[in-house]
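Mapping of the sequence shown onto my numbering: residues 13 to 255, in sequence order.
For reference, the structure is listed below as structure tokens.
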Amino acid sequence: MDILPAIDLREGKCVRLLQGDYNQQIDYSNEPVAVAKQFEQAGARWLHLVDLDGAREGRLRNLPVLEQILRQTKLKLEVGGGLRDTATIEDLLSAGVGRCVVGTQALEDWAWFESLVHTPAMKDKIALGLDTRQGRLAVRGWTEERRETALQLAERVADWPLAAIIYTDIARDGMLLGPNMEAIKSLAEYSTVPVIASGGVTDIEDVKRLIRLPLLGIIIGRAIYEKQLDLAEAVQLAAAAAE
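In structure tokens form, the structure reads like this:
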């Protein structure tokens with residue numbers, strides 16, 4: 013299990029949105045590369061990076077920052093936000109990105125997504141991003157909702173060579189309210205694809221609860237920036253739990 017610190021990029025800055033609302037933004041740093049280096053020094057192996065501009069506009073917008081992080085750290089990058097065509101994903105993987113997260117485009121063009129995931133070169137490189145609000149899936153930078161549930165989607169991809177399902181509870185994302193343990197547990201135990209949990213982690217006690225679940229990883233954002241959680245301690249706990 014890995015702890016994945018999160019960097020959400022908007023206009024080149026490191027920010028957090030409250031409940032996915034673009035009008036409720038907290039700015040944390042104008043130097044996301046420096047933030048990534050701090051995460052690496054704390055022991056993180058992976059970085060979860062979201063291009064918020066790309067998520068809303070449908071195309072990657074903060075590529076220069078991503079490239080700098082790849083050049084200046086040894087972090088493995090998990091990247092999402094605006095990944096809606098095969099060429100962009102191929103370019104990111106060629107640049108050294110470890111996992112590409114596809115959310116909106118997967119739901120809007122399922123045939124394309126299925127073909128992408130089953131392309132030999134994409135094996136274990138694609139993650140399905142499932143963002144939910146009150147049990148329903150949300151797309152287009154969390155601005156629209158769909159009828160499907162996370163469990164229904166997990167069933168549809170049960171035997172696919174996906175790297176992971178990344179499950180985010182939007183109502184808790186960036187709110188420091190604690191993770192939705194019931195929903196995460198249900199998905200993690202049901203899904204045959206490894207699950208990474210995101211949204212709501214507040215302190216080290218939340219991490220202790222989550223590492224008891226069959227998860228591939230835990231994404232943590234605001235709790236790190238607000239210094240409510242020590243990243244190095246969380247990384248060590250997750251590593252110990254995996255032994």
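Just so you know, even glycine gets a beta-carbon here, dropped at the ideal spot from N, CA and C.
Answer with buried or exposed for residue i, where buried requires no fewer than 16 other C-beta atoms within 10 angstroms of its C-beta.
| i | result |
| --- | --- |
| TRP58 | buried |
| PRO76 | exposed |
| ALA209 | buried |
| ARG184 | buried |
| PRO44 | buried |
| ARG168 | exposed |
| ARG73 | buried |
| TYR202 | exposed |
| ASP33 | exposed |
| ASN192 | buried |
| ALA46 | exposed |
| ASP143 | buried |
| ASP218 | buried |
| PRO132 | exposed |
Ignore the nearest five residues each way along the sequence and tell me which others in residue i's own chain have a CB closer than 7 Å to its CB.
| i | result |
| --- | --- |
| LEU225 | ILE196, LYS197, ALA200 |
| ILE223 | MET13, LEU249, ALA250, ALA253 |
| VAL129 | ILE138, TRP172, PRO173, LEU174 |
| HIS91 | Per the sequence presented here, residue 91 reads as Val, with His not at that position. Around VAL91: LEU61, LEU78, LEU104, VAL109, CYS112, VAL113. |
| ALA48 | ILE19, LEU59, ILE81, THR85, LEU87 |
| GLY94 | ASP63, GLY66, ALA67, GLU69, GLY70, ARG71, LEU72, ARG73 |
| THR98 | LEU128 |
| ALA235 | LEU188, VAL213, THR214, ASP215, LEU241 |
| ALA166 | ILE177, LEU199, TYR202, SER203, VAL205 |
| MET134 | LEU128 |
| GLY6 | Past the boundaries of the shown model lies residue 6; the chain is included only from 13 to 255, so the question cannot be answered. |
Between residue i and residue j, how many whole angstroms is the CB-CB distance? I'm expecting something under 8 Å.
| i | j | result |
| --- | --- | --- |
| ASP181 | GLY211 | 4 Å |
| ALA170 | ILE216 | Not a contact, Cβ separation roughly 33 Å. |
| LEU189 | THR214 | 7 Å |
| GLN117 | ARG96 | 4 Å |
| ILE15 | GLY229 | 7 Å |
| ILE231 | VAL207 | Not really, about 11 Å apart at Cβ, beyond 8 Å. |
What residues in its chain sit with their C-beta under 8 Å from that of residue i, if we drop five residues either side in the sequence?
| i | result |
| --- | --- |
| VAL27 | ASP20, LEU21, GLN37, ILE38, ASP39, TYR40, LEU64 |
| GLU160 | LEU119, ARG148, LEU149 |
| VAL151 | GLY115, THR116, LEU119, GLU120, ASP143, GLU157, ARG158 |
| THR100 | ARG71, LEU72, GLY94 |
Could you name the residues of the same chain whose beta carbon sits closer than 6 Å to that of residue i, not counting the 5 residues immediately before and after it, in chain order?
| i | result |
| --- | --- |
| TYR237 | TYR40 |
| ARG148 | GLU157 |
| GLU52 | THR85, LEU87 |
| GLY288 | The requested residue 288 is not part of the displayed model; the chain covers only 13 to 255. |
State yes or no: is the C-beta of residue i nearer than 7 Å to some heavy atom of the ligand FMN?
| i | result |
| --- | --- |
| ALA183 | Ligands in the displayed structure: none, and consequently the ligand FMN is not present. |
Checklist entry - Contact between the segment 119-126 and the segment 99-111: three or more CB pairs below 8 Å? => result no
Checklist entry - Which runs of the alpha helix (DSSP H) fall wholly inside the segment 92-145 and span at least 4 residues, in chain order? => result Listed in chain order, the alpha helix (DSSP H) runs fully inside the segment 92-145 are 98-107, 116-120, 122-129, counting runs of at least 4 residues.
Next on the checklist: If we require 4 or more residues per run, which alpha helix (DSSP H) segments fall completely within the segment 207-246?
Outcome noted: 216-222, 234-237
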